[in-house]
Every structure is written in structure tokens, then in C-alpha cells.
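Undergrad: Same order as they appear, the protein sequences are chains U and F. For the first sequence, my numbering assigns the number 1 to the initial residue and increments by one for each residue that follows. For the second sequence, my numbering assigns the number 1001 to the initial residue and increments by one for each residue that follows. To start, I am sharing the structure in question, which I have written as C-alpha cells.
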Amino acid sequence: MVNTILMFNSIVAAATFFLLPTLGEIYAERSGILNLGIEGMIIASAAFSYAIAYSTQNVWLGVLFGMLLGAVLSAIHAIVSITFTRTQVVSGIGLTILGTGLSGILGRGVVGKAIDTLENVNIPILSEIPYIGEIFFEHPIIVYISYLLVPICWFILYKTRIGILIRSVGENPEAAYNQGINVNLIRYLCVIFGGMMSGLGGAYLSLGYLNFWSEGITQGRGWIVIALVVVALWNPLGAFLGSYVFGAFDVMQYYFQLLLPTPVLKMAPHLSTILFLAIWGIILSGKKVKSIVGAPTALAVPFEKS
Amino acid sequence: MKIYGTEIYFQKRIDPITGIKAVFVRISFLLLGLGVAGLIFLFNGINPIQAYYDMIQVNLLLIPNTIARFIPLLAIGIGLAVPFKTRVDNIGAEGQYIIGMLTAAGTAFLFPDLPAIILIPLMFINSFILGAIWAIPVVLFRAKGGFQGADVVVSFLLVFPALYLMEWLVSDPWRDPETGFTYSSLLPVNARIPKIPGTPIYISIFLVLAIALLIYYYLFRTVNGIPKTKLGYEINVLGKNPLAGRVAGMSFFKVILITMTFSGGMAAIAGVGEVAGNSLRLGVKSQGYGFTGIAVAYLGGLNPLGIIVSALFFAALKVGGLALTGIPSTVLQLFSGIVIFFVLLSEFFFRFTIKSRKLS
């Protein structure tokens, strides 16, 4: 029983890492910008936040700088794809490769060095609930932030004027532009928000979840985030569900080592993502389904003011 | 954009920059990119001038090594350029490359007694086929995926099963029994690709160069701006305006199936050369050529002739990178990422200029 609780606890820890960047990317894609650079932003900020935390002896400063780096990197993507109207796919691939390269240089001094990372904070009353408390309320603070962000992101996207603006810009930028909406400004803000969330995810990865830094630490999980946005149907609530499913796949490889050979288990997160995408791809290929789900129509289409 | 009463805006050029002028624009943007990389070095406590100077010196000393590194980069770059032209963004060349290495080694371990003249071509053929099969899911997702970027995500995710397969093979069934380290035994002598005497350059360089020129001749050669062959024309049209292509009766699925099969096969061929010409055994990690190949293809303007030059450039970066002590191996990816961004920007300036005017 103890072991099961520990497993669910680590599923929450793994899921949080997927959840944070997914929420950010949902906003970027809802505004019509596909950012394939998630992997790069995550890995670079994981390295940077660890290096900053190491040199300043302050974990939260590390988290802050991780988020800043995420914002800066996503701004590069925004400039190239929004202002200069270049292909978002290629720019995102460039960002991923750039981020991976940066991570090596930023983290070169702290490979394998141990530091004090984010501590688990037990929430007073909630953590005493049997089972639930141990699973959900004995984590670093960033995990609790992710719980709060899900309803907040959902509320802003669906129940406020800002949310309507974001979705209309992603749905039909020409119409929004003619209504006097500053399409590019909204897209910039959404992409940079996405970058900050990826940065937070990266900082959480190295400072709160795995508690070390080494090259290639993400193992391609950033790409799973991009798949997750689709699986979540561009909805923050769906992102919550999806992240926990994929978190479970991620953790399983450590718990089923006796049952299945290691290489098969290591492939599990990636292969299950491809499987999910195949199923979702078939579902989404219907035009009707797309309109019910509300997939952003103008996604990855550069907007040129005429 | 308005700054202090001056408006800065973009204006479309009446004649887009093409030909030799475009090459100069691209090279100047490349130099800008190297400058930015230098700045990143500077912020991280590395003297960029010293670093670049060292990189050039090493390359001058080791020209044959640079040419040996050029072979896989050229094969992958050419392989990627063709699907990129049809807007299929295959970024999983790394996975197809690993599959190529595994198939080549597997073939060699299965038939160690075949004479080299049969075994080596067999390794190339097998690897080409399996590399192509590894690329086919990307085609399915691109054609039927139902959302943007499916091909990109799937092609990347397929890198990991290949990587873990290699990890498992070298740590268990193919592990070197003599040393017990996690790499495979040496390839049998018959399976080793001959080298140009006195150099590390293995002779599949001629194969790869020939393919590059053939691809140029059959798919990219234009007469009055129109590709000469039917397939080349279809690739061009479907890449620029898929709707127009479909209305004209072209099969998008068929064309991307051909381009991706070729792409996966070429990446696999690069893998054969690497394992049978260079390292002679499998290790746990791969060299990351698949990702550098993306930058090679874009810097070369998705044109085989340009790619030959850009593959040489990146081979020089790779060899030069070895000269930089205390810098991790990811430095090549740093350059690749920066180069992709500056190539994108240079393409913008082929079509637009920046102008400014005073606001009254």
C-alpha cells in the first residue's frame, strides 16, 4: 500500500512537469502561433535555473531566471514568426536546436553538482487527509501553483474578454484586425506567456522534480507537451487530465522494471504518445469534430496585414 | 513600429533577390549569426576570437577529417531537403540515421563471411529500406494527421525508440565480449568500407556525392524557373501551393511518400557510412548529425549544390568544435539553431526591405 501511494505521489510530480508548459502552449496555439520550440525552452531553462541556483545559493532566484530565459527564447520565436512572418514550424525547430545547444553551455559548470533544491511543503490541513493528502499535498510549491493555474487559465480563456480576444485572433485574425484588435500584440503576449510557463516547467524539472542537471535531461519530453496540447483539445482542463495520464506513463517505467524489459519501458512514453496522436488524428480529421472542439483555425498561418 | 516620431516599416521588393545576390545576402546573415554565437560565448566566459581562431587552425591541420565528417552531413542534408521542399518537416533524421547504423551492423554480424563486394552493398540496401520504413509513419501523420505539426512531433518522437533499441543492443545481445564495455564488437573485416589510403575518408563519399548530383539533375534543375522533370515539378508546386497542386490532379500522398522514403533512406545511408567507415562499432550514443542536418539543408537553400557547401561548413564546425576545450558537445547544436534563425531572416530580406519615414 505504501508503495502504491508513493507511485501516485510521483505521478503527480511527473504530471506537473507536463502540465506547466502545456498550459502555456495552449495559450500560444489558441492565439494562432504554433511554438515547436518547447523542448528547447524547457531544457535551456532547466540548465540555466540550476546554474543560477548553484551560483547564488537561492533556489527561487533560479526559478525566476529560468522563467525569464523561457520568455526571452519564446520572444525570438515571436519576432521571427509574427513580425517577420516566417514559417512557424521551421522557427520552432530552430528554437529547439538552439535551446539544446544553449543548455550545454549554460549548464557546463554544474553537471553532477548537488545543491539544495525546492523543498516539499506540506499543506497544513489538506495533507492530513488519508491517502489524498500524501499523494497531492506533499510537494514543492510549484506543484500547488500548477493546481491553481488550471482553473485560472480555463476561466480566462473561456469566461473573460481577454479570452475571447485570444481565441478570435487564433480563429480569424483578419476579422479581428478589422475590428481594431491588435492581433500581433495579443499573439506576442500569448507566445511569451507560453515561454514563461515552459521556463517554469524547466526550472521545476531540474530544481523540483529530478533535482540534478545533466545534458539531455528532458529525454524529448518537450515534444510530448506539443502532443499533449492536441490530446487536451486546446483546453486547460483537458491539459490537466492529459498531463496526469502521460505522467503515469512516464513513472511506470520505474515501477514495472521486473515485468517488462527496460528498453520497452523507456520507449513507453514516446510510443504511447504516437498512439494517442494516431487516435486523435483520426477523430480530428472530421471537420465537424474540429468545429465542436474549437481547434484554432488559423494555427500556424502567418498573418500579414494587407 | 514607431520610435521617437520615426516610423519603421517593411516594404515588399518589386523584384525578390535571387541568384548570386541571394548567396551574398545569405553569407552576410551567416556571418551575423556567427557574431551572435560569439556573443553567447563571451557571456559564458569564452573568448570568441580565440575560439574561432582555434577552430580555423584545427580545420587547416585536419582537412581529411573535415571531409570525413562531411559525408554523413551531406547525405542527411540532401535527404532532408527533398521533403522540406514539399513542406514535410522531417526532423527525425536522427532516428532514421540510428536505424541505418543498427541495420548495417546487424547485417554484418549476420553474414560475416560474405565477401566484401556483396556484403557492403547488402548493408547499404538493407539500411536504406529499414530507414525508409522508419520514416513512413511521418507520411501517414502528415497526410492524415488532422492537426498542424503532427509530422514534426511524430518524426521527433520516433528518434527515441531507435535510440533505446541501440542502447539495448549494445548492452546485451551485441555487447563486446572481449572488453565487456557497453559497445558492440568490431564489425567483421569484410564489412568495413575501404578508405582512401592515408586518410579517414571512406569511399562512400563518391556514392553520396553522386546521389547529390543526381538529385540536383533530376529534381532541382530548372529551365526558365520551372523544374525539368514531372516529379520535380510536383514537389515544387505542392510545396508552394498544395491546394493548386491538388486541383491540378497531383497526389499529395504519393509525392510525400516518395520524398520521405528517400529522406529516411538517405539518413540511414549516412548511418551505414558512420558505423562501417568511421567508428567500426556501435556505441550507446549517436553523434546528433540528424539534427545538424536540418541546419545543413536550410543553410544550403534546400538545393543540393548549396547543401554540398553548407555540409562542408558544418563539418568544419564539428571538427573545430573538438578544438574548444571545456565546451560541451552541444556547441554544434547551438550553431545549428542560430544558423536556422538567420537563414529564416535572410529569406525575409529576399522579399522585403526595411524603410523608415519621419512622422509629421
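Cβ atoms here follow ideal geometry from the backbone N, Cα and C, with glycine treated the same way. Note that the coordinates shown come from a computational prediction; the quantities given were computed from them, not determined experimentally.
If we ignore side chains and look at the alpha-carbon of each, how far apart do GLN253/U and LYS266/U end up?
TA: C-alpha separation (whole angstroms): 6 angstroms.
Undergrad: Figure out for me which residue from ASN172/U, GLY238/U, TRP280/U and PHE18/U has the closest Cα to the Cα of ALA1150/F.
TA: For ALA1150/F, the nearest C-alpha among the options comes from TRP280/U.
Undergrad: Classify PRO1194/F: buried if its beta carbon has 16 or more other beta carbons within 10 angstroms, exposed otherwise.
TA: Answer is exposed; the Cβ neighbour count stays below 16.
Undergrad: Report the partner residues of PRO1227/F according to the DSSP bridge assignment.
TA: Beta-bridge pairing links PRO1227/F to THR1222/F.
Undergrad: According to DSSP, PHE249/U sits in a beta bridge with which residue or residues?
TA: Answer is none; PHE249/U lacks a bridge partner.
Undergrad: Are the beta-carbon atoms belonging to ALA295/U and ALA46/U less than 8 angstroms from one another?
TA: Not closer than 8 angstroms, so no.
Undergrad: So which of SER1329/F, ALA1270/F and ALA1323/F has the shortest CA-CA distance to LEU1130/F?
TA: Considering only alpha carbons, the answer is ALA1270/F.
Undergrad: Show which residues of chain F have a CB atom less than 9 angstroms away from the CB atom of LEU102/U.
TA: In chain order: ILE1040, THR1330, GLN1333, LEU1334 and GLY1337.
Undergrad: For ARG1357/F, list the residues DSSP reports as bridge partners.
TA: Answer is GLU1007/F.
Undergrad: Which same chain residues end up closer than 6 angstroms to ASN9/U when comparing Cβ atoms and leaving out the 5 residues on each side of it in sequence?
TA: So the list reads ILE135, once near-sequence residues are dropped.
Undergrad: Once the 5 residues before and after PHE1111/F are set aside, which same chain residues still bring their CB inside 8 angstroms of it?
TA: These residues qualify, in order along the chain: LEU1119 and LEU1122.
Undergrad: Checking 8 angstroms against the spacing of the C-beta atoms, do ASN184/U and GLY92/U come in under that value?
TA: Not closer than 8 angstroms, so no.
Undergrad: Taking 8 angstroms as the CB-CB limit, is LYS1144/F close to chain U?
TA: For LYS1144/F, the answer is yes, since a Cβ of chain U falls inside 8 angstroms of its Cβ.
Undergrad: With 8 angstroms set as the bound, which would you pick, yes or no: does the beta-carbon of LEU1165/F sit closer than that to a beta-carbon of chain U?
TA: It does: the Cβ of LEU1165/F has a partner Cβ on chain U nearer than 8 angstroms.
Undergrad: What did DSSP end up calling LYS1012/F once you bin it into helix, strand or coil?
TA: LYS1012/F: strand per DSSP, three-state reduction.
Undergrad: At what residue ranges does the stretch 1027–1077 of chain F contain a whole run of the alpha helix (DSSP H), taking only runs of 4 or more?
TA: Correct list: 1048–1061.
Undergrad: Alpha carbon to alpha carbon, what distance is there between LEU1102/F and MET1/U?
TA: Legend: pLDDT at MET1/U = 47, less than 50; position of this residue unreliable, value from coordinates given subsequently. Computed Cα separation, rounded: 42 angstroms.
Undergrad: Beta-carbon separation of ALA1051/F and PHE1041/F under 8 angstroms?
TA: It is a contact, given that the beta carbons lie within the stated cut-off.
Undergrad: Counting Cβ pairs closer than 8 angstroms, one from the stretch 1302–1309 of chain F and one from the stretch 1348–1356 of chain F, do we hit at least three?
TA: The answer is no - the stretch 1348–1356 of chain F does not touch the stretch 1302–1309 of chain F, with fewer than three Cβ pairs under 8 angstroms.
Undergrad: Given a threshold of 16 other Cβ atoms within 10 Å of its Cβ, counted over all protein chains shown, does LEU200/U qualify as buried or as exposed?
TA: Per the 10 Å Cβ criterion, buried.
Undergrad: Determine, using beta carbons only, whether ASP1280/F and LEU1187/F come nearer to each other than 8 angstroms.
TA: A quick correction: the sequence has Leu, not Asp, at residue 1280/F. In contact: LEU1280/F and LEU1187/F (Cβ atoms closer than 8 angstroms).
Undergrad: Does the CB of SER55/U have a neighbour CB from chain F at under 8 angstroms?
TA: Chain F contact via Cβ: absent.
Undergrad: Quick one: using the 10 Å Cβ neighbour count with 16 as the cut-off for buried, is ILE1211/F buried or exposed?
TA: Per the 10 Å Cβ criterion, buried.
Undergrad: In the DSSP assignment, what are the bridge partners of TYR1202/F?
TA: TYR1202/F pairs with LYS1195/F.
Undergrad: Taking DSSP as the reference, what is the three-state secondary structure of PHE1111/F?
TA: PHE1111/F: coil per DSSP, three-state reduction.
Undergrad: To the nearest angstrom, how far is it from the Cα of ILE1078/F to the Cα of GLN88/U?
TA: Their backbone Cα atoms lie some 22 angstroms apart in a straight line.
Undergrad: Using 8 angstroms as the threshold, is the stretch 1251–1259 of chain F in touch with the stretch 1273–1288 of chain F, meaning 3 or more CB pairs across them?
TA: Touching, no.
Undergrad: Can you look up SER1184/F in the DSSP assignment and give me helix, strand or coil?
TA: Three-state result, SER1184/F: strand.
Undergrad: Is any beta-carbon of chain U found at less than 8 angstroms from that of ASN1044/F?
TA: Yes, ASN1044/F counts as interfacial toward chain U.
Undergrad: So ALA1191/F and ALA1108/F are in contact, right, with Cβ under 8 angstroms, and what is the actual spacing, rounded?
TA: Right, their Cβ atoms sit about 4 angstroms apart.
Undergrad: Below 8 angstroms between beta carbons: does that hold for VAL1237/F and LEU1030/F?
TA: No, the pair does not count as a contact, with Cβ atoms beyond the cut-off.
Undergrad: In its own chain, which residues sit with a C-beta less than 7 angstroms from the C-beta of LEU1345/F, not counting the 5 before and 5 after it?
TA: Cβ neighbours of LEU1345/F beyond the five flanking positions: PHE1029.
Undergrad: Which stretch, first to last residue, makes up the alpha helix (DSSP H) that contains SER81/U?
TA: No alpha helix (DSSP H) contains SER81/U, which DSSP labels as neither H nor E.
Undergrad: Would you say MET41/U faces chain F, with C-beta separation under 8 angstroms as the test?
TA: Cβ-Cβ to chain F under 8 angstroms: no for MET41/U.
Undergrad: Looking at VAL1153/F and TRP223/U, is the spacing between their C-beta atoms short of 8 angstroms?
TA: Yes, Cβ-Cβ distance for TRP223/U and VAL1153/F is below 8 angstroms.
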